[in-house]
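Using the working numbering, the letters of the sequence shown correspond one by one to residues -1 to 229.
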Amino acid sequence: MPTVPHVEKHFTAGEVVRDIVIGMSDGLTVPFALAAGLTGAIDNSHIVVTAGFAEIAAGSIAMGLGGYLAARGDAEHYRSEYDREVREVKDVPDTEADEITDIFQEYGVTPEQSAPAVNSLRQRPKAWVDFMMKFELGLEEPNPKRARQSASTIAGSYIAGGLIPLSPYLLEHSARTALWYSVALTLVALFVFGFIKGRFTGVSPLKSASQTVVIGGIAAAAAFLIARAIT
């Protein structure tokens, strides 16, 4: 009887999803809070839209730059730790070999059982260093394009998110009328965003959507109250 091949499906785009979440959540809440706060003082959609677009431009640049610097920092940290492990494997190999044994013992493998693997790694310095980076330090080599990808993903998500709460102000002259449409659109966008995020990450879509609406709604409300108090 033929067997059905076992195919494992794992979600491997966690960093991309994280960047989208960062950009989209801020893009939905910050421009909404600014627009809502201005609406309390100025019933003119044109002014709200102008200020909103300025904020989206500045916010997307700032968020993208933050993502770029964070990714560059991760890459520099990895390289620094990698160089240190290369030196230690060369200068204190016995100590490093003992650390391999300790790592295996954490998984219930005795020193006698791990000895062949330890000896094999000692014959291959590069693989040895890679093993220590992953299992001793818990570090994966970053994608060299990660910094640029992170910056563009966060910035693009911020812009996409920011346009949603501002769109009613583009169609409605009265800012106070547009505000209620903006509230409804923002909540719907949070729900849809959370639902899609849940589908990609393996979490219950409805649970993810509900959490996103609650958390994003609280953040937007808090930002609105602060902006309203200031204006």
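Using N, Cα and C, we set each Cβ at its ideal position, and we do this for glycine too.
Can you give the Cα-Cα distance for residue i and residue j, rounded to whole angstroms?
{"i": "V84", "j": "I152", "result": "34 Å"}
{"i": "F133", "j": "I213", "result": "35 Å"}
{"i": "V116", "j": "E79", "result": "21 Å"}
{"i": "A34", "j": "I228", "result": "12 Å"}
{"i": "P166", "j": "E104", "result": "57 Å"}
{"i": "S206", "j": "R197", "result": "9 Å"}
{"i": "I101", "j": "E13", "result": "27 Å"}
{"i": "V87", "j": "E110", "result": "21 Å"}
{"i": "H4", "j": "L135", "result": "Legend: pLDDT at H4 = 45, less than 50; position of this residue unreliable, no value from coordinates given."}
{"i": "P203", "j": "W126", "result": "41 Å"}
{"i": "T68", "j": "T48", "result": "The sequence given here has Ala at residue 68, not Thr. Taking the straight line from one Cα to the other gives about 30 Å."}
{"i": "V107", "j": "K195", "result": "38 Å"}
{"i": "L169", "j": "V201", "result": "36 Å"}
{"i": "R77", "j": "Q209", "result": "37 Å"}
{"i": "T97", "j": "M130", "result": "In the sequence as presented, Thr is not what sits at residue 97; that position holds Glu. Those two C-alpha atoms are separated by around 9 Å."}
{"i": "S23", "j": "V190", "result": "12 Å"}
{"i": "R122", "j": "P114", "result": "13 Å"}
With distance defined between alpha-carbon atoms, name the residue in the options nearest to residue i.
{"i": "D81", "options": "D128, F191, I59", "result": "D128"}
{"i": "Y66", "options": "K143, T175, L36, V211", "result": "K143"}
{"i": "V211", "options": "E86, G154, T184, A52", "result": "T184"}
{"i": "G62", "options": "V107, T93, G154", "result": "G154"}
{"i": "T37", "options": "G25, G50, A95", "result": "G50"}
{"i": "A219", "options": "F189, I194, V181, P203", "result": "V181"}
{"i": "R120", "options": "A68, S208, P203, A95", "result": "A95"}
{"i": "G21", "options": "T48, G64, A31, A39", "result": "G64"}
Does the distance from the CB of residue i to the CB of residue j come in under 7 Å?
{"i": "G57", "j": "Y156", "result": "yes"}
{"i": "I224", "j": "A187", "result": "no"}
{"i": "A54", "j": "P29", "result": "The sequence given here places Ile at residue 54; Ala does not occur at that position. Yes."}
{"i": "G192", "j": "G25", "result": "no"}
{"i": "T93", "j": "S112", "result": "no"}
So, is residue i buried or exposed, given that buried needs 16 or more other C-beta atoms within 10 angstroms?
{"i": "T10", "result": "Unreliable placement is indicated for T10, whose pLDDT of 44 sits below 50; no coordinate value is reported for it."}
{"i": "A52", "result": "exposed"}
{"i": "I216", "result": "exposed"}
{"i": "V90", "result": "exposed"}
{"i": "L164", "result": "buried"}
{"i": "L177", "result": "buried"}
{"i": "L32", "result": "buried"}
{"i": "T278", "result": "Nothing about residue 278 can be reported from this structure: the residues present for the chain run from -1 to 229 only."}
{"i": "K124", "result": "exposed"}
{"i": "S118", "result": "exposed"}
Please check if any C-beta of chain D sits within less than 7 Å of the C-beta of residue i.
{"i": "T108", "result": "Included in the structure is just one protein chain, with no chain D present."}
Check: Touching or not, the region 133 to 147 and the region 67 to 76, by the rule of three or more beta carbon pairs under 8 Å?
Finding: yes
Closer than 8 Å is the cut-off here; do at least three beta carbon pairs connect the region 143 to 157 with the region 17 to 28? yes
Check: Are the region 39 to 46 and the region 169 to 176 touching by the rule of at least three beta carbon pairs closer than 8 Å?
Finding: yes
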